[in-house]
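Residue numbers (our numbering): 1 to 354.
Note sheet for the following structure.
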């Protein structure tokens, strides 16, 4: 086929895709009406998990599974907005990794609302100022985010989904070469995560701390002899060219984010459960409590202790385990855990991030 004929074929396929998308959207609108009558949640992570699993398992190629997922995130986002535009609160400002994680989970059709702290994300959802909240909980390089774990102790919100956001740092600048850069704006964490690259390429520049990667991009946009370490989203929002991509020293670095809401997702067969509990400050009490997971062969993927701030040297433990609270092993393990604990609260069961 000639190039002209191939393009005509693509145009024909695009028209078919458009008609199918419109048909899908019409069905989704009916789903929205049903959800409204039955007063059910518009965001169902377990349903979306099953959609992604089905599509990737039946994907014939040549598009890879990541591409299919990226396309369908936006299709689902646009269709969900026809049911109800979702307001999503996240730790701002815009252009940060929290913003990127929020887009990765809800797509660009959501109504994103940045706030200034993690506690404000919780508060926005609790006060019905947002339908969902997105908060960081741990980083593969720096460890847990204490403020998130601490805020769970005084909140009735549930964990309804999780996101793994790759931490990719870029050098944004209007300079045409590294040699022209005289100042570098950055939050302190990206500087630490790009230390070796900076030593090798920008050891001659003055470093100026910014409150966030997004703010660093904004400051560099106003300074033609400077650069910033920031996300590609911050580059897009500030009209800043990316001179060097992926300047992070550890290419496997990523942050895990939690989605907060009031859903109780159904089991998918590949789930995770988050639990908060406390035990008496006595020898062996924690070992006895954790033995519940060993007895029922439940794999624990994370454990972190935090002071309760109610009594000196009294701690609460945040635990993630594989499985859904309705799974026999997890249910029995949590029942046994309660026998050795002062309190146990299941924060939520939700599909594992793909």
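The beta carbon of each residue, even a glycine, is placed where N, CA and C say it ideally should be.
Of 228, 339 and 31, the smallest CA-CA separation from residue 243 is found for 228. Taking a C-beta distance under 8 Å as the contact criterion, residue 152 and residue 276 qualify as a contact pair. Beta bridge pairing from DSSP links residue 228 with 172 and 185. A straight line joining the alpha-carbon of residue 160 with that of residue 295 spans about 27 Å.
For residue 283, the closest alpha carbon among the candidates 240, 325, 340 and 197 is that of 340.
With a threshold of 16 other beta carbon atoms within 10 Å, residue 335 falls short and is exposed. In the DSSP assignment, residue 338 is bridged to no other residue. Closest in C-alpha terms to residue 252, from the list 10, 76 and 142, comes 142.
Here the alpha carbons of residue 19 and residue 352 stand approximately 33 Å from one another. Contact between residue 105 and residue 163 holds: their C-beta atoms lie close to 5 Å from each other, under 8 Å. Between residue 267 and residue 324 the beta-carbon gap is near 4 Å, inside 8 Å, which marks them as a contact.
Of the residues assessed, residue 1 falls on the exposed side of the cut-off, its CB having fewer than 16 other CB atoms within 10 angstroms. With at least 16 other beta carbons inside 10 angstroms of its own, residue 220 counts as buried. In this structure, residue 262 lies near residue 158, with their beta-carbon atoms less than 8 Å apart. A check of alpha carbon separations from residue 297 across 171, 327, 212 and 192 identifies 327 as the nearest.
For secondary structure counted as the alpha helix (DSSP H) over 4 or more consecutive residues, the region 50-128 holds these complete runs in sequence order: 65-83, 97-106 and 118-126.
In chain order, 51, 52 and 55 place their CB closer than 8 Å to the CB of residue 72, counting only its own chain and leaving out the 5 sequence neighbours on each side.
DSSP places residue 43 outside both helix and strand once states are collapsed to three, so it counts as coil.
The region 57-74 makes no contact with the region 83-90: fewer than 3 CB pairs, one atom from each, lie closer than 8 Å. In the three-state reduction of the DSSP assignment, residue 267 falls in the coil class. In this structure, DSSP gives residue 354 a state outside helix and strand, which the three-state scheme calls coil. Residue 274 holds the alpha-carbon nearest to the alpha-carbon of residue 321 among 114, 103 and 274.
Inter-residue distance for residue 338 and residue 287 is about 13 Å (C-alpha atoms, whole angstroms).
Nearest in C-alpha terms to residue 350, of all of 239, 47 and 342, is 47. In terms of Cβ geometry, residue 108 and residue 83 do not form a close pair [threshold 8 Å].
A distance below 8 Å separates the beta carbons of residue 134 and residue 257. When the beta-carbon positions are compared, residue 206 and residue 183 come within less than 8 Å of each other. Per DSSP, the continuous alpha helix (DSSP H) segment holding residue 22 begins and ends at 3-38.
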